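FYI, this note's numbering numbers position 10 of the sequence shown as 49, with every residue one higher than the one before it. One structure below.
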Amino acid sequence: MNPTVKQIADTLGYAKSTVSMALRDNPTVNEKTRRKIQQAAREMNYQPNALAQAMFTGRAKVIGFATQTVASEYLSMFLDGLCQEAEALGYLIKIIRTDWQFDAKALASQCQSQCLSGLICGESHEQSMRDLADITSKLNLPVSHLSGPPELPGLISIRCDDHTGIFQAIEHLHGLGHRKIGYIGGNRHSISTHVREAGFRHAMKKMGLKIQSRNMVSGEYEIDQTIKATHQLLENKHRPTALFCANDHMAMTAIRTARAMGIHTPNDLSVIGCSNLNMTEFCDPPLTSIAQPQVEMGKLAVKRIVNVIQSLDQNSSVPVMDQTPLPTQLVIRESTGPVAG
């Protein structure tokens, strides 16, 4: 039978409140006393009552993951990282299905009613995330956002170094002789879209390459729109000789669309994607892409949010977060080659 906090207190001769705080690792209890109580609890096979803890603190050891879907490889790998780290730290992950543009007030209310300790959001509409940050900052509910920029107030940013990866991509194309490089971006209301477009512009400028507005189009992260965007780029008589696409799905769609137009990769057109999904190795031709550490991003999201949760539980100041992005790396495959002619 699981011993109670009172039984541990009676055995050790401490007040019940002291034992309760020690088991929560509250620093107001002397460290030596905390360690003694925690050791005794382990020897007595004590297991904390999650429901009682939630009633006491107002938070269960559960972190929400708000997302439209987990069907995509990118998000499933991110979720794998979330679950691995949450299990290691004694937390559970609860999946909350949301729309791309969600009702921030309703989502925050759901988190409160379920006593969630924190919330991690996948790719979402930028305004929805700003609204959510405004609401949750008043509720002491820590929120983390995948791909969010560090300057967005009230949110814990989890991102990778897209700028370096994109620079490597443009540098690679430049080394192959490409000077006219087109860009297919994502959803205009996505934070990651803004980050990657800024990275593309920065890389082009650094390599001394001119950006033609006609070669900057949006695929909206959708197949149909990417097909239209590819036609728009390649039907121009001054068409680019290479494309950088803001994700792998759009890159593969661009390759297929170009082939249907009689333009073959890499002989006529070089193409680079972003994310380095497993399928990139098996498409025709295998896709050059920027590798992002999705599993590590998931682990980092949980680590950072648990740090904030623990600070809130101990009534101490919220720690200053290390906003250093995780590294990326260009993986070169057969979809890029020397410029034709």
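Backbone N, C-alpha and C define an ideal beta-carbon position, used for all residues, glycine too. As the structure is a computational prediction, the values presented were derived from the model and not from experiment.
Count the other C-beta atoms from every protein chain shown that fall within 10 angstroms of the C-beta of residue i, then say buried if there are 16 or more, exposed otherwise.
i	result
Asn41	exposed
Ala299	exposed
Glu259	buried
Met318	exposed
Gln78	exposed
Thr67	exposed
Gly380	exposed
Asp201	buried
Gly120	buried
Gln331	buried
Ile134	exposed
His184	buried
Gly204	buried
Ile371	exposed
Arg74	exposed
Met94	With a pLDDT of only 48 at Met94, under the threshold of 50, the placement of this residue in the model should not be trusted, and no figure is reported.
Nearest to residue i by CA position, among the options, is which residue?
i	options	result
Trp139	Ile197, Asp64 and Ser229	Ser229
Phe321	Thr296, Asn346 and His288	His288
Ser374	Cys313, Leu308 and Asp352	Leu308
Met116	Leu339, Gly225, Pro66 and Asp173	Leu339
Leu62	Ile76, Thr50, Asn69 and Lys249	Ile76
Leu155	Ser257, Lys177, Leu248 and Leu131	Leu131
Ser148	Thr296, Leu178 and Pro87	Leu178
Thr327	Arg295, Ala290 and Ile302	Ala290
Arg81	Tyr53, Ile47 and Phe104	Ile47
Pro87	Leu215, Met60 and Leu146	Met60
Ser111	Ala125, Gly214, Ser314 and Leu272	Ser314
Ile329	Gln123, Asn286 and Ser252	Asn286
Pro325	Ile302, Gly376 and Val345	Gly376
Thr106	Val345, His164 and Arg227	His164
Gln251	Ile266, Lys276 and Ile220	Ile220
Leu118	Thr232, Gly161 and Leu273	Gly161
Arg169	Ser186, Leu158 and Ala143	Ala143
Tyr113	Asn254, His233 and Gln333	Gln333
Phe206	Lys55, Asn65 and Gly312	Gly312
Arg136	Leu128, Ile159 and Ile266	Ile159
How far does the beta strand (DSSP E) with residue i in it reach, from first residue to last?
i	result
Lys133	Leu131 to Arg136
Tyr222	Ile220 to Gly224
Met255	Met255 to Ser257
Val310	Ser309 to Ser314
Thr327	Thr327 to Ala330
Gln368	Gln368 to Val370
Leu185	Val182 to Leu185
What residue range is occupied by the uninterrupted alpha helix (DSSP H) comprising residue i?
i	result
Ser196	No alpha helix (DSSP H) contains Ser196, which is instead part of the beta strand (DSSP E) from Ile195 to Ile197.
Ser152	Ala143 to Ser152
Ile159	Counting along the chain, Ile159 falls outside any alpha helix (DSSP H), though it belongs to the beta strand (DSSP E) covering Gly157 to Cys160.
Gly337	Gln333 to Asp352
His217	No alpha helix (DSSP H) contains His217, which DSSP labels as neither H nor E.
Val234	Ile230 to Lys245
Leu171	Glu165 to Thr175
Express the C-alpha separation of residue j and residue i in angstroms, rounding to a whole number.
i	j	result
Glu210	Thr363	23 Å
Val310	Val109	27 Å
Gln368	Thr43	51 Å
Gly224	Ile102	31 Å
Val58	Lys45	8 Å
Asn84	Ile348	25 Å
Asp352	Lys71	20 Å
Ser176	Arg343	16 Å
Leu383	Leu282	The first residue shown for the chain is 40 and the last is 380, placing residue 383 beyond what the model contains.
Thr296	Ala268	10 Å
His217	Pro181	45 Å
Phe141	Gln166	9 Å
Ser257	Gly247	23 Å
Met336	Thr50	44 Å
Arg198	Arg240	19 Å
Gly238	Leu316	20 Å
Leu171	Arg253	35 Å
State yes or no: is the C-beta of residue i nearer than 8 Å to some heavy atom of the ligand PLP?
i	result
Glu274	Looking at this structure, you won't find the ligand PLP or any other ligand, since it has none at all.
Is there a C-beta anywhere in chain D that falls below 9 Å from the one on residue i?
i	result
Thr319	No chain D appears in the structure shown, which is made up of a single protein chain.
Along the chain, which unbroken stretches of the alpha helix (DSSP H) at least 4 residues long are found entirely within the segment 46 to 77? 55 to 62, all fully within the segment 46 to 77.
Which runs of the beta strand (DSSP E) spanning at least 3 residues fall entirely within the segment 97 to 123, listed in chain order? 101 to 106, all fully within the segment 97 to 123.
Jot down the residue ranges of each uninterrupted alpha helix (DSSP H) in the segment 265 to 317, minimum 4 residues, whole runs only, in chain order. 287 to 299
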